[in-house]
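Asker: Chains as they are written, first to last, in my numbering: chain C, 8 to 154; chain E, 68 to 221; chain F, 180 to 550; chain U, 216 to 573. C-beta atoms are modelled at their ideal positions from N, C-alpha and C, and glycine is treated no differently. Everything numeric in this text was worked out from a predicted model, so none of it was measured.
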Amino acid sequence: MSPEALRERLSNLTFEQGTEWPTATVTALDWRALAEEVRHTDGLEFDYLFCVTGVDWKTHFTVVYHLTSTAHRHILVVKVSADRSEPVVPTVSDIWRTAEFHEREVYDLFGIVFRGHPDLRRLFMTDDWNGWPLRKDYEDPVNMIKL
Amino acid sequence: MKKYLSDVFGAIGSLLKGMKLTGYYFTHHKEIITQEYPDKKIKLPERFRGEVVMTHDEQNEHACTGCTACELACPNGTIKIITKFDVTPEGKKKKALDTFIYHLELCTMCNLCVEACPTDAIKMAQNFEHSVYDRSQLTKKLNNPGSKIREGVE
Amino acid sequence: MIEEIGTTEAGELVINMGPQHPSTHGVLHLIITISGETIKKVEPHLGYIHRSIEKMCESLSYRQFIYVTSRMDYLSSHINNHGCALCVEKGMQIEVPPRAQVIRVLMDELTRLASHQLWWGAMAMDVGALTPFFHAFREREAINDIMEETCGARLTMNYMVPGGVMADLHPRFAERVKEFMRFFRSKMDEYDELVTNNVIFKSRMQGVGYLSRENAISYGCTGPTGRASGVSCDMRKIAPYEVYGRLAFNEILQTEGDCYARYLVRMAEMRQSLSIIDQLIDNIPEGDFQAKTKAVLKLPKGEFYSRVETARGEFGVYIISEGGTTPYRIKFRSPGFSNLSALDHMARGHKIGDLVAIMGTLDLVIPDIDR
Amino acid sequence: MISLADITAAINHWLYATLPGWAALLVEAVIVGIAAITLFAVLGLVLVFMERKVSAYMQVRLGPNRVGPGGTLQTLADTLKLAMKEGLTPDGADKFLFNLAPYVVIIAAMLILAPIAFAKGFQIWDLNIGILYVSAVSSLSVIGILMAGWASNNKYSLLGAMRSGAQIVSYELSAGISVVSIVILTGSLRISDIVASQQDGWWIFKGHIPALISFVIFIIAVTAETNRAPFDLAEAESELTAGFHTEYSGMKFALFFLAEYVNIFIVCAIAATLYLGGWMPLHIGHWAAFNHVMDYIPSSLWFWGKTFFLIFVIMWFRWTFPRLRIDQLLNLEWKYLLPISMVNLLLMALIAVEGWYL
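Below you can see the structure in the form of structure tokens.
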């Protein structure tokens, strides 16, 4: 499906202008339903989640999901925004199994909680690590390189 | 039963094939590729990036203007340039290089400083035997003592 | 550590495999629960080599950040750099000269060959054959020598710059590559004799670590891992970049989804890489090796994503730019990370020896997973 | 020509002539003990060096080439290094068993030296159940391995020891049956009788195809029994780091290492004795002239040549093949080797009864 047709098909979403792939922003509340829809609807079948990215916009967080379909080869980018003080996003790890690790990574580095994730623990950092390293306001207490 | 036997023979055959190959290498010593390194020195290609050096000519002159382009280009803070002000014969003050400090221990040999240098004052040398007993020896001063900038390099 | 894992049933044993273990190829830490020799659960613990490259890149300029990506998947460092350069070029709308494009693709394929050779040796070593490792390194060294001559380094080349490559090809490049190809083609048959057709090796591989097509997609397995399960996921075919679109090569697909299929896919890919190099080596166009770019690169505000095919699968670079000289946020989608997530699924019910074989065929590079 | 047998006989005669009977025996025992230990040390050094060179050439590299001429003293240097290393005993290990295990393994290996005929008339103890004694004692080393694995308090060691136990117990069977198939032909368990029965040709030639099959099975089985690749599951370094000797260091590790090589030597010596005539030169039927020429080559040279050839074959296996999995290992034994060797034994019995072997 071409990007235009995809925009047409998912007309209830608001798409950003001037992006390479159709990019839509949804709230955390709507995300779960949208995920189910794009995964299982005939003609869409976004069965492959190839990238999950957390972004800290200083005022809020976004989790960017890059979805594609192995059958139709179209790509959809969904941005899910989350509150900065209490970031919670529903998990999609039961829809795309790869999200299990990716969401853990985002949780580990940004502190975004994925509700319903089966095993939400630190992934890269040690279990007793303080803070969320990829947030913009994170300050490394130990600067490794001191010249 | 037939399959059982053919399995056994096929298996033995495939194993013997592998043994034939290793047997070949065992008996053909000319295939050995070991380079006896410290005994026989290796010649590295001229593009090999071993460390950053500053080229000096016979008059002990270099081409560095102290513009700090390399310092800015370096991703790791490997290079630190200390500049001074020289007084030209006409009596004008001119910025010049005082010390070119190079931290080999931080360098990843990415070549970005050499690319950035507008006057080709620095280049990559092929030396790769960098081990020293103390880390402080890895911090090097690249411009020779008493060296000065070559005439005409701006 | 073991207490935290909590309940183990009677007769079950929890083993820490790694971070220092001969077959985890680095510092992967697996906590495996076994009953006898049978694996009940595998739980990867990551982060022993996590350097937060994404955070580092946020403070590096668009010229500087490319070299860091060599340190992720160090075996396909050139392809990682390629992905980053492509992403920056996409943002800056730089037209890469045709010569640079061909050079890049040639280097990519040589890197892929080198990576697969190392994988072949290391995987054979995982299942207990030590000799293939040295034979594989013999060929890999030949590639490294070629790389060294042109790029200036053997492993972390940093040969890519936005807009092209850092230096022109060495005058002897084509000649040496052809010489290597002749040499390597003769060795490929030896590979088959020594390992591929070996009955012990086959029995170690066949039917082990099965991954169905659905699961491969769901777990996001790409590269040879995905293709062995029948998922068409070769970025060079799906979204051709550089000159891949006009090259004749096949995407290798297998449907068995077991370790042997993954092995065969990689072996066939080596032959495909050879054919790609064959097509290009005599047709390197003349011209510039680098497009004219500004000294300071500033990406316009926006988001840019590029996907390339490394030796392990799909590598994605996602740059969010706020218009400055450094990225606002950069994300690397590394293939090994997704492939590793399927390990637990694949290893359950197999023996410890199989786990090693499965890890071998997944071709994990730990810095690529940890980043 | 002075043979080894003459020398030993002379020493024996001299000792008994000058000393009382018990003292002579004691002195002889001491001499034999010293000789055995020296043999062990030299064997260890030579075989490790040989293994490293064989592996190096197969892997297109040079191998040790620094210490001594052609690297020959490399293993000596390594032994010195190991001897100077600290012998760590991990916390929580069963100290007594942990320290005892390497000695059990090495003593078990040492005991098997007794009935081996190194040359014509040169044998420590030609006991009448020689080959039975060898099979019995060689399976003792598994006790040492189990002790080591259990006492280390390490899960990898335990797994390695368990694998080793399962492996040795099952491969004993086909090794035993292979031995029996030769014993049927010779009708004696005494090593000297077995060697003497090959006066007119080695069993591997005289015994037709069944002897060849049983030889191959014996080699496979003893490779497994000595925990050598492709059957080195007990120490499988890519799976269990180092298996049962993960926790050992220094001299205790060296003993395990030494025992492994001595065991290889012993099983190869047994295989050479059973199938390739031991010290017996290559004799073909009634070709008296040919046999006479062959007799000029000293018998000890024949023995060592055959043994080292077999050792080389076992090393060749190791540097060519991948490792089997534990269930495949047991499958190979119970589904392939055991049935084949049993059928083979029947054939062999037929040959022996009909007397087709002469």
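On the CB-based measure, 16 or more other CB atoms within 10 Å of its CB, does S367 of chain U come out buried or exposed?
Answerer: For the purposes of this step, residue 367 of chain U is taken as the residue at position 152 of the fourth sequence. Burial call: buried.
Asker: My output table needs one value for H423 of chain U: the three-state DSSP class, helix, strand or coil.
Answerer: Your numbering for residue 423 of chain U matches position 208 in the fourth sequence. If DSSP states are grouped into helix, strand and coil, H423 of chain U belongs with the helices.
Asker: Which residue or residues does DSSP assign as beta-bridge partners of K151 of chain E?
Answerer: Along the second sequence, read from residue 1 onward, the residue named residue 151 of chain E stands at position 84. Beta-bridge pairing links K151 of chain E to E:A163.
Asker: Residues in its own chain within less than 8 Å of A427 of chain F by CB, not counting five upstream and five downstream?
Answerer: Along the third sequence, read from residue 1 onward, the residue named residue 427 of chain F stands at position 248. Here the set comprises S454 and Q458.
Asker: Would you say K153 of chain C faces chain F, with C-beta separation under 8 Å as the test?
Answerer: Residue 153 of chain C sits at position 146 when you count from the first residue of the first sequence. At K153 of chain C, the pLDDT of 49 sits below 50, so the modelled position is not reliable; the number obtained from the coordinates is stated separately. No, K153 of chain C lies away from the interface with chain F (no Cβ there is under 8 Å from its Cβ).
Asker: Quick check: the Cα distance between S92 of chain C and V113 of chain C, rounded to an integer number of angstroms?
Answerer: Taking the first sequence and counting its residues from 1, one reaches residue 92 of chain C at position 85. Taking the first sequence and counting its residues from 1, one reaches residue 113 of chain C at position 106. Between S92 of chain C and V113 of chain C, the C-alpha separation is close to 16 Å.
Asker: Which value, in whole angstroms, describes the spacing of the CA atoms of K153 of chain C and E27 of chain C?
Answerer: Looking up residue 153 of chain C in the first sequence gives position 146. Looking up residue 27 of chain C in the first sequence gives position 20. Residue confidence is low: K153 of chain C scores 49 on pLDDT, short of 50, so the model does not pin down where it sits. Its coordinate-derived value is still stated next. Their backbone Cα atoms lie some 41 Å apart in a straight line.
Asker: Flag T376 of chain F as yes if its beta-carbon sits less than 8 Å from any beta-carbon of chain U, otherwise no.
Answerer: Sequence index remark: in the third sequence, residue 376 of chain F carries index 197 (1-based). The residue you asked about is not Thr; residue 376 of chain F is Asn in the sequence shown. By this cut-off, N376 of chain F is not an interface position.
Asker: Give me the DSSP bridge partner(s) of N195 of chain F.
Answerer: Locating residue 195 of chain F in the third sequence gives position 16, counting from the first residue. Looking at the DSSP assignment, N195 of chain F forms a beta bridge with F:I210.
Asker: Tell me, please, which residues DSSP counts as bridged to F494 of chain F.
Answerer: Translated into positions along the third sequence, residue 494 of chain F becomes position 315. Answer is F:V487.
Asker: Measuring straight from C-alpha to C-alpha, what distance separates I181 of chain F and H204 of chain F?
Answerer: Within the third sequence, numbered from 1, the residue matching residue 181 of chain F stands at position 2. Within the third sequence, numbered from 1, the residue matching residue 204 of chain F stands at position 25. Because I181 of chain F sits at a pLDDT of 42, beneath the cut-off of 50, its placement in the model cannot be relied upon, and the following sentence gives the value as read from the coordinates. Roughly 23 Å between the two C-alpha positions.
Asker: Name the one or two DSSP bridge partners that F22 of chain C has.
Answerer: The residue given as residue 22 of chain C occupies position 15 in the first sequence. C:A31.
Asker: Would a check of beta-carbon distances place F524 of chain U closer than 8 Å to chain E?
Answerer: On the fourth sequence, residue 524 of chain U is found 309 positions in, with the first residue counted as 1. For F524 of chain U, the answer is no, since every Cβ of chain E falls outside 8 Å of its Cβ.
Asker: G528 of chain F: which of F:S294, F:I509, F:E216 and F:H200 sits nearest, CA to CA?
Answerer: For the purposes of this step, residue 528 of chain F is identified with residue 349 of the third sequence, where counting begins at 1. Residue F:E216 is the option with its Cα nearest to G528 of chain F.
Asker: May I ask you to report which of helix, strand or coil DSSP gives D184 of chain E?
Answerer: Residue numbering aside, residue 184 of chain E sits at position 117 when the second sequence is read from its first letter. Strictly speaking, residue 184 of chain E in this sequence is Cys, with Asp absent from that position. The answer is coil: DSSP assigns C184 of chain E none of H, G, I, E or B.
Asker: Going along chain A, which residues have a C-beta under 7 Å from H200 of chain F?
Answerer: The structure shown contains no chain A; its protein chains are C, E, F and U.
Asker: Can you tell me whether Q204 of chain E is helix, strand or coil according to DSSP?
Answerer: In the second sequence, counting from the first residue as 1, residue 204 of chain E sits at position 137. Three-state DSSP puts Q204 of chain E in a helix.
Asker: Mind checking who F511 of chain F pairs with in its DSSP beta bridge?
Answerer: Position 332 of the third sequence holds residue 511 of chain F. Partner(s): F:V496.
Asker: Helix, strand or coil for Q382 of chain U, going by three-state DSSP, please let me know.
Answerer: The residue given as residue 382 of chain U occupies position 167 in the fourth sequence. Looking at Q382 of chain U - three-state DSSP - the assignment turns out to be helix.
Asker: Between U:V352, U:G345, U:G380 and U:V349, which has its C-alpha nearest M362 of chain U's C-alpha?
Answerer: Position 147 of the fourth sequence, counted from the first residue, corresponds to residue 362 of chain U. Considering only alpha carbons, the answer is U:G380.
Asker: Once DSSP output is grouped into helix, strand and coil, what is the label at K300 of chain U?
Answerer: The count along the fourth sequence starts at 1 and reaches residue 300 of chain U at position 85. K300 of chain U falls in the coil class under three-state DSSP.
Asker: Where does the unbroken alpha helix (DSSP H) through Y442 of chain F begin, and where does it stop?
Answerer: As a first step, residue 442 of chain F is located in the third sequence; it is residue number 263 there, counting from the start. C438 to I460 is the span of the alpha helix (DSSP H), which, as asked, contains Y442 of chain F.
Asker: Candidates U:A256, U:A232, U:S429 and U:K370: which alpha carbon is nearest F471 of chain U's?
Answerer: In the fourth sequence, counting from the first residue as 1, residue 471 of chain U sits at position 256. That would be U:A256, whose Cα lies nearest to the Cα of F471 of chain U.
Asker: Of the choices C:G118, C:R129 and C:P125, whose alpha-carbon is the least far from that of H67 of chain C?
Answerer: Your numbering for residue 67 of chain C matches position 60 in the first sequence. Minimum Cα distance to H67 of chain C is reached at C:G118.
Asker: Would you mind working out which of U:L258, U:L288, U:A298 and U:F518 sits nearest Q338 of chain U, comparing C-alpha positions?
Answerer: Counting from one through the fourth sequence, the residue named residue 338 of chain U turns up at place 123. Nearest option by C-alpha distance: U:F518.
Asker: Check each candidate in F:Y241, F:W299 and F:D347 and name the one with the smallest Cα separation from V374 of chain F.
Answerer: As a position in the third sequence, residue 374 of chain F is number 195, starting the count at 1. Of the listed residues, the one whose Cα sits closest to V374 of chain F is F:W299.
Asker: Which whole-angstrom value describes the C-beta separation of V281 of chain F and V422 of chain F, a residue pair presumed to lie in contact below a C-beta threshold of 8 Å?
Answerer: By 1-based counting over the third sequence, the position of residue 281 of chain F is 102. By 1-based counting over the third sequence, the position of residue 422 of chain F is 243. At roughly 6 Å, the Cβ-Cβ gap stays under 8 Å, so V281 of chain F and V422 of chain F are in contact.
Asker: Determine, using beta carbons only, whether I406 of chain U and I331 of chain U come nearer to each other than 8 Å.
Answerer: Position 191 of the fourth sequence, counted from the start, is the residue given in the question as residue 406 of chain U. Position 116 of the fourth sequence, counted from the start, is the residue given in the question as residue 331 of chain U. Contact flag set, yes.
Asker: Roughly how many angstroms lie between the CA atoms of E138 of chain E and E482 of chain F, to the nearest whole one?
Answerer: Counting from one through the second sequence, the residue named residue 138 of chain E turns up at place 71. Counting from one through the third sequence, the residue named residue 482 of chain F turns up at place 303. Cα to Cα, E138 of chain E sits roughly 29 Å from E482 of chain F.
Asker: In the structure shown, what three-state DSSP assignment does Y272 of chain U receive?
Answerer: Locating residue 272 of chain U in the fourth sequence gives position 57, counting from the first residue. Residue state, collapsed to three classes: helix.
Asker: So is G307 of chain U buried or exposed if we call it buried at 16+ other beta carbons inside 10 Å?
Answerer: Along the fourth sequence, one-based indexing puts residue 307 of chain U at 92. Exposed is the call here.
Asker: Evaluate K162 of chain E with the Cβ neighbour count: other Cβ atoms within 10 Å of its Cβ, from every protein chain shown; 16 or more gives buried, anything less gives exposed.
Answerer: The residue you call residue 162 of chain E lines up with position 95 of the second sequence. Flag for K162 of chain E reads exposed.
Asker: Spell out a yes or no on whether the region 147-166 of chain E and the region 189-203 of chain E are touching, meaning 3 or more CB-CB pairs, one atom from each, closer than 8 Å.
Answerer: no
Asker: Which complete beta strand (DSSP E) runs does the region 357-428 of chain F hold, if anything under 3 residues is left out?
Answerer: none
Asker: With DSSP run on the structure shown, which of helix, strand or coil describes H96 of chain E?
Answerer: In the second sequence, the residue the question calls residue 96 of chain E occupies position 29. Of the three classes helix, strand and coil, the one that applies to H96 of chain E here is helix, per DSSP.
Asker: Are V394 of chain U and I346 of chain U close, meaning C-beta to C-beta below 8 Å?
Answerer: One-based indexing of the fourth sequence puts residue 394 of chain U at position 179. One-based indexing of the fourth sequence puts residue 346 of chain U at position 131. Yes. Within cutoff.
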